[in-house]
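Here's the structure, in structure tokens; my notes come after.
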Amino acid sequence: MKMNFRMTVFAAAMCAASGIGATTPISPGNAFRAGETAVLTISADDAWRVLDAAAYPDSEIVVASGTAFGTILRLPHKSLGGKLGAYVLQSWQIGGSVTNETRFAFLPSCDVRPCPWVGTQFHYWRDTWGTGDERILDLAAEAGIGIVREAPGWNNCEMTPGVYVMPSRYETLVNGLVQRGIAPLCHLDYQNKTAYPDDPFNATAFGNWAAWVADYFEGVIDTYEIWNEPHNFYFYDYYTNTVEVVGKTNPRWIQAFTDFTRTVDDALAGRGLRVCVASEDWSDILYTMIEQGIARPHNYVALHPYANGVRPEKGKWLKDDFADLRSRLAANGAEGAGIAITEHGWSTYVDETGTADYAPASFAEQARYIVRMYLVANAGGVEFASQYDFKDDGTNRTKRENCWGMLDYWGRPKPSYAAVATMTRFVGDAEFTAELSSDPASYRIQRFDRADGATNFVAWSVEGDQTVTISTEVRNALRGATAYDLYGNKTDSPRITNKLALTEDPVYLVKGASEAGGGDSPWGPPWAIAATSEPTTIYANAAESLLWHTTPFGGTTVRWDKPDGATSATLTVTGDGYSRTYANLAGESCEVTLPGGIATAEDEDVYTLTLAFDDGTVRTAHLGAVTGLGTNGASATPAPRNPGLPSWAKFAERAVIPIPVGATSLTVNGTPLPDLDGSAGWRSIRRVSGVGDYDLSMTLDGEAEPLLTTLTAKAYATLFIVH
428 MKMNFRMTVF AAAMCAASGI GATTPISPGN AFRAGETAVL TISADDAWRV LDAAAYPDSE
488 IVVASGTAFG TILRLPHKSL GGKLGAYVLQ SWQIGGSVTN ETRFAFLPSC DVRPCPWVGT
548 QFHYWRDTWG TGDERILDLA AEAGIGIVRE APGWNNCEMT PGVYVMPSRY ETLVNGLVQR
608 GIAPLCHLDY QNKTAYPDDP FNATAFGNWA AWVADYFEGV IDTYEIWNEP HNFYFYDYYT
668 NTVEVVGKTN PRWIQAFTDF TRTVDDALAG RGLRVCVASE DWSDILYTMI EQGIARPHNY
728 VALHPYANGV RPEKGKWLKD DFADLRSRLA ANGAEGAGIA ITEHGWSTYV DETGTADYAP
788 ASFAEQARYI VRMYLVANAG GVEFASQYDF KDDGTNRTKR ENCWGMLDYW GRPKPSYAAV
848 ATMTRFVGDA EFTAELSSDP ASYRIQRFDR ADGATNFVAW SVEGDQTVTI STEVRNALRG
908 ATAYDLYGNK TDSPRITNKL ALTEDPVYLV KGASEAGGGD SPWGPPWAIA ATSEPTTIYA
968 NAAESLLWHT TPFGGTTVRW DKPDGATSAT LTVTGDGYSR TYANLAGESC EVTLPGGIAT
1028 AEDEDVYTLT LAFDDGTVRT AHLGAVTGLG TNGASATPAP RNPGLPSWAK FAERAVIPIP
1088 VGATSLTVNG TPLPDLDGSA GWRSIRRVSG VGDYDLSMTL DGEAEPLLTT LTAKAYATLF
1148 IVH
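Numbering (my numbering), first residue to last: 428 to 1150.
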């Protein structure tokens, strides 16, 4: 039997919402996969409730509620109806009002590869990466992000003319991205008053620095962007302060920036790089740049198509699938130049006065619009699109700049994060092959073909719910497809006639086999994970479980699937001097509380769980209550000799192996772990990174035990498999 253990990537500490506990430290995470248990920290003995995050705060749809005993709240996915998507957890002292709030999400359970046309950016000089917290990178990888835009800063690298030093923080970020298969987009900015106080916009010096960066990261970074919104960031102001005062659409300052860009582009030439130019969100400025020759055939024109919060299909440049832009490029010597979107997004800020000049987006709107932006850009031949930006920059939601993120300020997932993570799983590794809509301005039906022969379609209405008329060819293509919503939940498949009902949320229509598992969904049936264990959950599905599960919490959730014909069960928990029975269990889970305290060397803090169904079926599992780690990583809790085949489980971010009484050595990849000497307990092996097989062997009573064979570590994930 092969047992899979998903070691939780992200710390699940509770954080407060805006205005509630504002000093709570940033602790990114709370992204879980289908079937896992969300482990969240709350204040002791709080009342709590879970809300649908896509509807909140406009409406409060309560998904679950209860009272927590202690500070750990464990929410099995199935307790939320098994629904994928984003949630808000609120808690408060009983009898009081809401004092704490955090976000979490359940994502489709399959692995995801970085999607090269799906990007984002970190403000690494702010809290997003300023702390160097690699959980941010893990969250990006879990969402299928394929490219991340970030800047080392000219003034950070060259403090003395001609002397270059790469900031370690930026290099660490680049290495972390590359290790996760995510491509870095090096954003080259801005002026340098430190090295060149009299000429901080020296194009030759900037070009020399850019060339040094490209050589420094040769073979690591192949995509660069020259400057960012020059009318907003420094260049326009410098020109008007030192040359002449002109308006922002005046061609004279734009020509100065065009000349600057071409000098830097020339300095980067000959290296086979993707060089993005312009980086504008004003149409008039961009078109003047193009007329002046800022883009050449080898360049990529970088767009920022912000459009006052409107739907992506109605915004500038996307509304005609970039046809007008390409025509302008061709007319000005840049035919064949590529297109990249290096910023685009929707802010979920609150317009308290109703007079804002930029429309805010609800959480649900942000989710659907970001996904549609990616899809429309990809279908339009854009090299990649980069959402702005990955994490909120502040907690005050009345400020627009604070609220662009797919994650909130504390690094917890908004609905848009869950929606993007679903999109990359459905179509991220598929090829867009056709737009099937007869009226793309009104609705879209995109076709994606997968290498495994499956065909995925994505369909939505551009504005409002509508029923559209489709051709016989399209009808035949869609017939037999299984439908999934924006977050990956299986929905009632539409009855395919010559009419198709669509909403503004994209729906995924899947036909054929799937690389990720096939069958009921593209990542396998959501509950076909009975062999998966977490620190807080036991799956008692085998006739005789050979797995020793661990829990550090003094309690756990036991879950099961009832046999056909069974209506109830009795769970008996027995240990040394301890026995407790949970009777008349009509559901498929039970919260089990274990006695506290650390056992002595003579005692056994290990429990047998016997699950007896009313149809005569009996299942058994073993649980070790790990309460601490001692010297050299050994657990302070002993374990008995297991007469069966011991396997391993995990505690926190370590693999924890039960050590039978009489074990004299445990070896990992040829290296003995010290201080066994016949002792019993749970031996902790620290989490490893990278790819590799870790051979495990144990000597018991002087004879080698062929019980533990190979531990396989997958790259940059916390999934371990015991063969």
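Quick reminder that beta carbons are idealized off the backbone N, C-alpha and C, glycines included.
Beyond the five residues adjoining it in sequence on each side, ALA458 comes within less than 7 Å, by CB distance, of PHE437, ALA532, LEU534, LEU566, GLU569 and PRO840 in the same chain, given in chain order. With respect to the C-alpha of ILE681, the residue from TYR666, ALA694 and ASP692 having the closest C-alpha is TYR666. Counting the other CB atoms within 10 Å of its CB gives LYS746 a total of 16 or more, which places it among the buried residues.
Between SER470 and ASN527, the gap from beta carbon to beta carbon is short of 8 Å. The residue among ILE712, VAL985, ALA1010 and GLY456 with its C-alpha nearest the C-alpha of TYR663 is ILE712. If the five residues before and after SER1006 are omitted, its C-beta is found closer than 8 Å to the C-beta atoms of THR999 and VAL1000, all from its own chain and listed in chain order. The beta carbon of ASN635 is closer than 7 Å to those of ALA694 in its chain, skipping five residues each way along the sequence. Counting only runs of 4+ residues, the alpha helix (DSSP H) found wholly inside the region 515-581 occupies 554-557 and 562-569, in chain order. Rounded to whole angstroms, the Cβ separation of LEU1036 and VAL985 is 6 Å, and the two are in contact under 8 Å. Taken through DSSP and simplified to helix, strand or coil, GLY674 comes out as coil. The region 805-817 makes contact with the region 764-773, as at least three CB pairs between them are under 8 Å.
Annotation: VAL605 is outside any beta strand (DSSP E); the continuous alpha helix (DSSP H) that includes it extends over 595-606.
Looking at the DSSP output, ASN883 sits in a beta bridge with PHE875 and VAL937. Looking only at ASP538, TRP519, ARG576 and PRO541, the smallest Cα-Cα distance to THR547 is reached by ARG576. When secondary structure is reduced to three states using DSSP, HIS504 falls in the helix class. Boundaries for VAL1019: no alpha helix (DSSP H) harbours it, while the beta strand (DSSP E) harbouring it runs 1016-1020, taken from the DSSP string. The C-beta separation of GLN873 from ALA806 comes to about 6 Å, placing the pair in contact by the 8 Å criterion.
Checking the DSSP bridge columns, you'll see LYS917 partnered with TYR911. Boundaries of the alpha helix (DSSP H) around ALA846: 842-854.
Proximity to PRO503 across VAL691, GLY781, VAL539 and ALA465 peaks at ALA465, based on C-alpha coordinates. A direct Cα-to-Cα measurement between ILE923 and ARG906 gives close to 6 Å. VAL704 sits buried, since 16 or more C-beta atoms from the chains shown fall within 10 Å of its C-beta. Collapsing the DSSP output to three states places SER754 in a helix. For SER595, the number of other beta carbons within 10 angstroms of its own is below 16, and it is reported as exposed. Note on ARG871: 16 or more other CB atoms within 10 angstroms of its CB, so buried under the neighbour-count rule.
Distances from the CA of THR669 to each of ALA641, ALA638, GLY697 and ASP625 were compared; the closest alpha carbon is that of ASP625.
DSSP lists TRP475 as the bridge partner or partners of GLY493. Classified as exposed, LYS741 has fewer than 16 neighbouring CB atoms from the shown chains inside 10 Å of its CB. In terms of Cβ geometry, ASP616 and GLY580 form a close pair [threshold 8 Å]. CA-CA distance, GLU762 to ASN582, rounds to 35 Å. Excluding the 5 residues flanking it on each side, PRO724 has same chain C-beta neighbours closer than 7 Å at ALA761, GLU762, GLY763 and ALA764, in chain order. The beta carbon of PHE859 sits closer than 7 Å to those of ASN805, ALA806, GLN873 and PHE875, all from its chain and outside the five residues before and after it, given in chain order.
Rounded to whole angstroms, the gap between the alpha carbons of TYR1034 and VAL1045 is 16 Å. The beta-carbon separation of ARG562 and PRO455, rounded to 4 Å, stays under the 8 Å limit for a contact. Bridge pairing for TYR733: absent [DSSP]. Proximity to LEU511 across GLU585, THR1008 and SER536 peaks at SER536, based on C-alpha coordinates.
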